[in-house]
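For reference, the structure is listed below as structure tokens.
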Amino acid sequence: MESVYLVYKTDSWHYMSSRVLMQVCISKNKAIEMIKAYCKRYKLAFTQDDLTNLQWYDQTQCSKRSIEFEIEPQEVV
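Numbers 68 to 144, taken from the numbering used here, label the letters of the sequence shown in order.
If you want it as structure tokens, here you go:
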């Protein structure tokens, strides 16, 4: 089975009702690169902690931004 990775931006509490789908990516690395590019485009900080949290937990946590990011893997049937 193949997987896709849904990239969301959320509020700082990761409430489901705040999630906004940003993009569908074909790999987790592409999803992380898309988040980095978004942060760069909008002049938002992207730290090593953000990278580590995305790699291990599929979300950013405790940033000083007003938004956080989540990656949700989904299997394509």
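We put the CB at the ideal spot given by N, CA and C, even for glycine. Quick caveat, the model's predicted, so the values are computed rather than measured.
For Y75 against F113, the beta-carbon gap comes to about 16 Å, at or over 8 Å, which does not count as contact. Taking C-beta separations shorter than 7 Å and ignoring five residues to either side along the sequence, the partners of T127 in its chain run D117, N120, L121, E135, F136, following chain order.
Distances from the alpha-carbon of L73 to those of E100, R108, W80 put E100 closest.
The Cβ-Cβ distance between A98 and C106 does not fall below 8 Å. Annotation: E139 to D125 spans about 7 Å, alpha carbon to alpha carbon.
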